[in-house]
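All the letters of the sequence shown, read from the start, carry residue numbers 143 to 217 under the working numbering.
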Amino acid sequence: MRIEELQTPCYVIDKRQLEENLKILREVADEAGCKILLAQKAYSCYDTYPLIAKYLDGTTASGLFEARLGYEKMG
């Protein structure tokens, strides 16, 4: 699909750049000995959750449905 063909409004996510940023977050977490969680309220592009799950330690949830979404999409 060409960018001119996209329906607007839409979000365009560069998955390569997202993965590079996730790798940095993983390195930070490993070096600091901490866990990094995805804040689902702040980011809800569910199609990228499987990629994010490879690098982050889990998600936050403010309710049952968010908890279920995080579990189902990120494990």
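C-beta atoms are modelled at their ideal positions from N, C-alpha and C, and glycine is treated no differently.
Check: Three-state secondary structure (DSSP) at residue 150?
Finding: What you label residue 150 is simply residue 8 of the sequence shown in a count that begins at 1. Here residue 150 sits in coil by DSSP.
Notebook entry, point to check: Do the region 148 to 157 and the region 177 to 186 make contact, defined as three or more Cβ pairs closer than 8 Å?
Noted result: no
Next item on the list: Take residue 209 and list the residues in its own chain whose beta-carbon comes closer than 6 Å to its own, dropping the five residues that flank it on each side.
Entry: Taking the first residue of the sequence shown as 1, we reach residue 209 at position 67. Closer than 6 Å at the Cβ level, and outside the excluded window around residue 209, lie 203.
Checklist line | C-alpha distance - residue 205 paired with residue 192, whole-angstrom precision | finding: As a first step, residue 205 is located in the sequence shown; it is residue number 63 there, counting from the start. As a first step, residue 192 is located in the sequence shown; it is residue number 50 there, counting from the start. The C-alpha of residue 205 lies about 21 Å from the C-alpha of residue 192.
Notebook entry, point to check: Any idea which residues DSSP pairs residue 200 with across the strands?
Noted result: Within the sequence shown, numbered from 1, the residue matching residue 200 stands at position 58. Paired residue(s): 179.
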